[in-house]
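Q:
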Amino acid sequence: MENTRRMLYNKRERVMHMDKKERFKRYLLFIISLFFIGLGIAMTKRAELGISPVSSVANVMSIKFQALSFGTWAMFVNFTFLLGQILVLRRRFELRQLLQIPLTFIYGYFTDFGVWLMQFIPNETYVGRLLLVVGGCVVLAFGITLGVIANIILNSPEAFIKTLADTTKIEFGIMKIIFDVCWVSVSIILSLFFFGGKIVGTREGTVITAILVGLIVKSLSRLLRRPLERLLVSRPAEAT
């Protein structure tokens with residue numbers, strides 16, 4: 004947890020001191036991470052056993068209002084998180100965080116692509132759906148790990164949680180748990196309201212995702228951080 008906190012608070016200084024080549028590689032890795040995040044979320048959605056907490060509200064809205072795709076609703080929700088950052092931070096909001104806007108569009112596109120791709124995966128049996136949830140957790144965790152290692156900018160949900168953690172002086176990990184519980188509660192309330200007292204889109208898969216993804220991210224970070232950092236960090240040319 005201490006390493007995670009240090010990474011979050013030193014992000015600004017890290018970006019300022021990297022050269023253009025390294026910055027490009029880190030942004031490229033971050034965009035790749037968005038692809039796997041979108042694909043992992045699409046896999047859990049295909050399982051129809053519930054989805055990750057941060058995507059739960061978008062999931063309910065996409066089931067109720069199907070004129071807009073799941074990826075579009077996810078974009079709207081992320082824009083809400085960005086607006087939340089602006090309202091909380093006000094003058095302390097860094098303009099570079101507006102990069103979340105184009106990255107959110109990319110994330111929405113990747114998510115819809117993943118949903119389209121997953122329609123060809125069978126989900127008739129409960130065991131098959133559970134496997135989709137677990138597989139989605141692995142893919143989602145892989146994407147999150149790449150984004151963390153890229154260390155260039157936070158996704159809108161994580162940036163909003165960090166904003167709340169910084170403002171309230173609550174540890175990021177604790178605030179993440181509080182946020183997940185509150186956001187899932189909002190999705191349940193919306194579901195009860197829109198579907199006549201029924202809970203739709205939030206099930207055991209939501210709990211599985213909430214537990215597994217963080218554990219897998221920790222394992223993948225230990226495995227991938229060093230080799231990827233060697234690829235990302237630009238080294239000065241040796242003197243001849």
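Residue numbering for the sequence shown follows this note's numbering, beginning at 4 and increasing consecutively.
Here a beta-carbon is modelled for each residue, glycine too, at the ideal position from N, C-alpha and C.
These numbers were taken from a predicted model, which means no experiment stands behind them.
Roughly how many whole angstroms lie between the Cα atoms of Leu-90 and Phe-79?
A: 16 Å
Q: Could you tell me the boundaries of the alpha helix (DSSP H) in which Asn-158 lies?
A: Where Asn-158 is concerned, there is no enclosing alpha helix (DSSP H), given that its DSSP letter is neither H nor E.
Q: Can you give the Cα-Cα distance for Gly-74 and Leu-215, rounded to whole angstroms?
A: 23 Å
Q: Roughly how many angstroms lie between the CA atoms of Leu-31 and Glu-161, to the nearest whole one?
A: 19 Å
Q: If you count every other CB in all the chains shown that lies within 10 Å of the CB of Trp-119, and 16 or more means buried, which is it?
A: So Trp-119 ends up on the exposed side.
Q: If you draw a straight line from the alpha carbon of Thr-209 to that of Ile-191, how long is it in whole angstroms?
A: 12 Å
Q: For the alpha helix (DSSP H) that contains Pro-230, what are its first and last residues?
A: 207 to 235
Q: To the nearest angstrom, report how far apart Ile-173 and Arg-26 are at their CA atoms.
A: 30 Å
Q: Using the rule of at least 16 other Cβ atoms within 10 Å of the residue's Cβ for burial, across every protein chain shown, is Pro-125 buried or exposed?
A: exposed
Q: Quick check on Gln-88: does DSSP put it in helix, strand or coil?
A: The answer is helix: DSSP assigns Gln-88 an H, G or I state.
Q: Take the Cβ of Leu-135 as the centre, count every other Cβ of all protein chains shown within 10 Å, and call the residue buried at 16 or more, exposed below.
A: Buried, because 16 or more other Cβ atoms sit within 10 Å of the Cβ of Leu-135.
Q: Asn-81 to Thr-107, Cα distance in whole Å?
A: 7 Å
Q: Thinking Ser-59 and Thr-148 are a contact (beta carbons under 8 Å), I'd like their distance in whole angstroms, please.
A: Actually they do not touch by this definition, with Cβ atoms about 22 Å apart.
Q: Considering only the beta carbon of each residue, do Arg-29 and Leu-235 sit closer than 8 Å?
A: yes
Q: Pick out the complete alpha helix (DSSP H) segments inside the stretch 37 to 87, 4 residues or longer, and give them in chain order.
A: 59 to 67
Q: For the alpha helix (DSSP H) that contains Gly-111, what are its first and last residues?
A: First-last of the alpha helix (DSSP H) with Gly-111: 103 to 121.
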